[in-house]
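**Q** The following block contains the structure, expressed as structure tokens.
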Amino acid sequence: MSFDTIIRGGTVVTAADTFACDVGIRDGKIAALGRDLGTATTIIDATDRLVLPGGIDSHVHFAQPSGDGIVMADGFASGTRSAAFGGNTTVLPFCLQEKGQTLREALKHYHSLAEGECHVDVAFHLIVTDPTEHVLGQELPALVEDGYTSLKVFMTYEGLALSDRELLETMSVARETGAMLMVHAENFDAIRFLTDRLERAGNTAPRFHATSRPIPVEREATHRAISLSELVDVPIMIVHVSNREAMDEIRRAQQRGLRVMGETCPQYLMLTEKDLDQLNMEGAKYVCSPPPRDLASQQACWEGLQQKVFSVFSSDHCPFRYDDPQGKLAPKGRTSFRWVPNGIPGVATRLPILFSEGVVKGRIDLNSFVAFSATNHAKIYGLYPRKGTIAVGSDADIALWDPKRKVTIRHELIHDGSDYTPYEGLEVTGWPVLTMVRGKVVVDDGTLVGSKEHGTYLPRSKPPGAATIP
Ligand code: URP
Ligand code: ZN
Ligand code: ZN
Ligand code: ZN
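Numbering (UniProt numbering), first residue to last: 1 to 470.
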């Protein structure tokens, strides 16, 4: 047998198994697994390396507008480049419907931004902000059939938040069409009330961002989202869960047999609200929603992973430059936390953080690492088994991992469009040393060797439904 590439001598890890095995790759697909596979044009030596399915990050934001002329730090080229440096081979950014826009118009726009600009493969979630009869009755059902099989709804943010009635109408369509529904669960009115009160008292520094949306704001909305989804009997994914109380709402729903899934992110394992409390506005670097909480909340999020209350670990990469008049410190952002754009970068640091803090420190096992970082994303969002595993017939999307390498995270290693990483100086053990997308090496030992024409758009199947949801 002859192959384009053989990855030889490594330890293959999937969500289920760990085994010593070579990987034969032909025409961008995994063509054989075994020993003594034959000849190949290229041999990659994987001695002392883990051969992992490339990371799938099902929650990233690229090129989204943020109001007030604030510009997101990553478009598709730099965002997918940074993803590749972090061992990712597929990302799922959002296509934001702006008010008055049809979903097709929004998609046309995001496709035009992504076309020829992607280092790794991409698929879009739709963000529904204007659920008109046309959008819900005509567009969404057709788009789900066309392979846009997931959408996100917001319970907060000016211009994005849906009313409970709109949530129910949108959930009903997700139920009818079989789309996966992601929910940003925070109580909009509570945030506005607390923000106004803080500002009246002169409390405008970045750290008051956390005070403006404390845990009950998230817990209440999580409970409400679950209750609404129960009314229409639709599976939902509660994204970016930050604390025990919200996690327990999800756990209780699962124990009652509801198809409620959860996602957590690196910021909720690694940061606290103290990071928001720094001199000279530096706290703005950590402004995201929900905000990082405290050490007990970090522990709760680990338990949520260990006990599989959460099924996915995503970055929620949403980068704004810090030292930039169009980023975190845009003029209005200096006047109040209210105007600091929400979101932090993290697409490149997600996998090293989960590996180092999770696997190396003995909190989760290697197979769970693969499940949380790749396999479950593919299963839940309709990409499995083309993506998310190492199996004959799957795309040859591989992160070759050095489990022993010690790296101090520095922004120079991230290769995104932002000007900082929230994890500067963090020491991690384990690092992706090669990233391969459909058989082609895109990052080799810290050097970009792929091109931004290689990444492709992925139409998706419908999520598999209740029985097989991890
Ligand atoms: O602060 C955050 N998380 N910004 C990104 C947008 C979102 O809500 O996911
Ligand atoms: Zn446009
Ligand atoms: Zn969100
Ligand atoms: Zn997000």
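The beta-carbon is built from N, C-alpha and C at its ideal position, and this holds for glycine as well.
In terms of residue numbering, what span does the alpha helix (DSSP H) encompassing Ser242 cover?
**A** As a first step, residue 242 must be located in the sequence shown, where it is residue number 242. From DSSP, Ser242 is part of no alpha helix (DSSP H); its letter is neither H nor E.
**Q** Which of the three DSSP states is assigned to Lys29 in this structure?
**A** Taking the sequence shown and counting its residues from 1, one reaches residue 29 at position 29. Strand at Lys29.
**Q** Would you mind working out which of Arg104, Val144, Ala63 sits nearest Tyr381, comparing C-alpha positions?
**A** Position 381 of the sequence shown, counting from 1, holds the residue named residue 381. Out of Arg104, Val144, Ala63, Val144 has the C-alpha closest to the C-alpha of Tyr381.
**Q** Report yes if the C-beta distance between Val309 and Glu303 is below 9 angstroms; otherwise report no.
**A** Numbered from 1 along the sequence shown, position 309 holds the residue referred to as residue 309. Numbered from 1 along the sequence shown, position 303 holds the residue referred to as residue 303. Closer than 9 angstroms, so yes.
**Q** Report all residues from its chain with a CB closer than 6 angstroms to the CB of Ala123; omit the five preceding and five following residues, and keep chain order.
**A** On the sequence shown, residue 123 is found 123 positions in, with the first residue counted as 1. Closer than 6 angstroms at Cβ, skipping near neighbours: Leu92, Leu458, Arg460.
**Q** Within its chain, find whatever has a CB closer than 6 angstroms to the CB of Tyr423; leave out the 5 residues flanking it on each side and keep chain order.
**A** For the purposes of this step, residue 423 is taken as the residue at position 423 of the sequence shown. Only Thr349, Ile409 meet the Cβ criterion.
**Q** Does the Cβ-Cβ distance between Ser394 and Pro385 come in under 9 angstroms?
**A** Stepping through the sequence shown from its first residue, residue 394 is reached at position 394. Stepping through the sequence shown from its first residue, residue 385 is reached at position 385. Yes, these two residues count as a Cβ contact at 9 angstroms.
**Q** Which residues share a DSSP beta bridge with Leu434?
**A** Residue numbering aside, residue 434 sits at position 434 when the sequence shown is read from its first letter. Its beta-bridge partners are Leu400, Asp444.
**Q** So Thr89 and Thr435 are supposed to be a Cβ contact under 8 angstroms. How far apart are they, rounded?
**A** Against the sequence shown, residue 89 aligns to sequence position 89. Against the sequence shown, residue 435 aligns to sequence position 435. Contact flag correct, Cβ pair sits at about 6 angstroms.
**Q** Cα-Cα, which of Ala31, Glu169, Phe154 is closest to His134?
**A** In the sequence shown, counting from the first residue as 1, residue 134 sits at position 134. Looking at the Cα atoms, Glu169 is the closest of the given residues.
**Q** Let me confirm a value: Lys328 is counted as buried when at least 16 other C-beta atoms fall within 10 Å, else exposed. Which label applies?
**A** To locate residue 328, count along the sequence shown from 1; it is residue 328. When all chains shown are included, Lys328 counts as buried.
**Q** Where Thr389 and Gly34 are concerned, what is the direct C-alpha to C-alpha distance, given to the nearest angstrom?
**A** Your numbering for residue 389 matches position 389 in the sequence shown. Your numbering for residue 34 matches position 34 in the sequence shown. Each residue's Cα considered, the two are about 16 angstroms apart.
**Q** Assign Gly10 to buried or exposed, taking buried as 16 or more other Cβ atoms, counted over all protein chains shown, within 10 Å of its Cβ.
**A** Taking the first residue of the sequence shown as 1, we reach residue 10 at position 10. Classification for Gly10: buried.
**Q** For Arg197, count neighbouring C-beta atoms within 10 Å of its own C-beta (all shown protein chains included) and say buried if the count is 16 or more, exposed if not.
**A** For the purposes of this step, residue 197 is identified with residue 197 of the sequence shown, where counting begins at 1. Counting Cβ neighbours within 10 Å, Arg197 comes out exposed, since fewer than 16 surround it.
**Q** In terms of alpha-carbon separation, which member of Asp445, Leu103, Asp36 lies closest to Ile7?
**A** The residue you call residue 7 lines up with position 7 of the sequence shown. Considering only alpha carbons, the answer is Asp36.
**Q** Can you tell me where the alpha helix (DSSP H) holding Val370 begins and where it ends?
**A** For the purposes of this step, residue 370 is taken as residue 370 along the sequence shown, with counting starting at 1. Looking at the DSSP string, the run of the alpha helix (DSSP H) that includes Val370 is 366–370.
**Q** Since Leu126 contacts Tyr157 with CB under 8 angstroms, what's their CB separation in whole angstroms?
**A** Position 126 of the sequence shown holds residue 126. Position 157 of the sequence shown holds residue 157. Not quite, the Cβ-Cβ distance comes to about 16 angstroms (not below 8 angstroms), so this is no contact.
**Q** Please classify Ala256 as buried or exposed, where buried requires at least 16 neighbouring CB atoms within 10 angstroms.
**A** Your numbering for residue 256 matches position 256 in the sequence shown. It should be noted that the sequence gives Arg, not Ala, for residue 256. Under this definition Arg256 is an exposed residue.
**Q** Answer yes or no: do Met72 and Phe320 have a C-beta to C-beta separation smaller than 9 angstroms?
**A** Position 72 of the sequence shown, counting from 1, holds the residue named residue 72. Position 320 of the sequence shown, counting from 1, holds the residue named residue 320. Yes, the pair counts as a contact, with Cβ atoms nearer than the cut-off.
**Q** Which residues end up in the neighbourhood of ligand 4 when you take C-beta atoms closer than 6 angstroms to any of its heavy atoms?
**A** Working through the chain, the matches are His59, His61, Asp316, Cys318.
**Q** Near ligand 3, which residues have their beta-carbon closer than 6 angstroms to a heavy atom?
**A** Qualifying residues come out as His184, Val239, His240.
**Q** Is the distance from the Cβ of Glu220 to the Cβ of Ala253 below 9 angstroms?
**A** Taking the sequence shown and counting its residues from 1, the one referred to as residue 220 is at position 220. Taking the sequence shown and counting its residues from 1, the one referred to as residue 253 is at position 253. Not in contact: Glu220 and Ala253 (Cβ atoms no closer than 9 angstroms).
**Q** If you run the structure through DSSP and keep just helix, strand and coil, what is Thr468?
**A** Indexing the sequence shown from 1 puts residue 468 at position 468. Its pLDDT being 49, under 50, Thr468 is placed unreliably in this model, and the value from its coordinates should be taken loosely. Correct three-state label for Thr468: helix.
**Q** Given 8 angstroms as the limit, is there contact between the region 338–358 and the region 41–58, that is, 3 or more CB pairs closer than that?
**A** Touching, per the Cβ criterion.
**Q** Assign Pro57 to one of three DSSP states: helix, strand, or coil.
**A** The residue you call residue 57 lines up with position 57 of the sequence shown. Reading the sequence as shown, one finds Asp at residue 57 and not Pro. Strand at Asp57.
**Q** With hydrogens ignored, establish whether the beta-carbon of residue 477 is closer than 8 angstroms to any heavy atom of ligand 1.
**A** Nothing can be reported for residue 477, as the shown portion of the chain is limited to 1 through 470.
**Q** Out of Ala63, Ile70, Thr47, Gly86, state which residue places its alpha-carbon closest to the alpha-carbon of Ser315.
**A** Translated into positions along the sequence shown, residue 315 becomes position 315. Minimum Cα distance to Ser315 is reached at Gly86.
**Q** Return helix, strand or coil for Leu126, following the three-state DSSP convention.
**A** The count along the sequence shown starts at 1 and reaches residue 126 at position 126. Correct three-state label for Leu126: strand.
**Q** Spatial neighbours of Arg207 within its chain, please: CB distance less than 6 angstroms, with the 5 preceding and 5 following residues excluded, ordered by chain position.
**A** As a first step, residue 207 must be located in the sequence shown, where it is residue number 207. Correct list, in chain order: Leu276, Asp277, Gly283.
**Q** For Phe3, collect the residues of the same chain with a Cβ closer than 8 angstroms to its Cβ; drop the 5 residues on either side in sequence, then sort them by chain order.
**A** The count along the sequence shown starts at 1 and reaches residue 3 at position 3. Closer than 8 angstroms at Cβ, skipping near neighbours: Gly24, Ile25, Arg26, Ala31, Ala32, Leu37, Gly38, Thr39, Ala40, Thr41.
**Q** If the criterion is Cβ atoms closer than 9 angstroms, does the pair Met155 and Phe188 meet it?
**A** Stepping through the sequence shown from its first residue, residue 155 is reached at position 155. Stepping through the sequence shown from its first residue, residue 188 is reached at position 188. Yes, they are a contact pair.
**Q** Which residue from His184, Thr204, Glu166 puts its Cα closest to that of Pro131?
**A** Translated into the one-based positions of the sequence shown, residue 131 becomes position 131. Measuring from the Cα of Pro131, the nearest candidate turns out to be Glu166.
**Q** Tell me, please, which residues DSSP counts as bridged to Cys95.
**A** Residue mapping note: residue 95 aligns to position 95 of the sequence shown, counting from 1. Leu126, per the DSSP bridge assignment.
**Q** One question on the structure: do Ser82 and Val347 come within less than 9 angstroms of each other, judged by their Cβ atoms?
**A** Here the question's residue 82 lines up with position 82 in the sequence shown. Here the question's residue 347 lines up with position 347 in the sequence shown. Taking 9 angstroms as the Cβ cut-off, Ser82 and Val347 qualify as a contacting pair.
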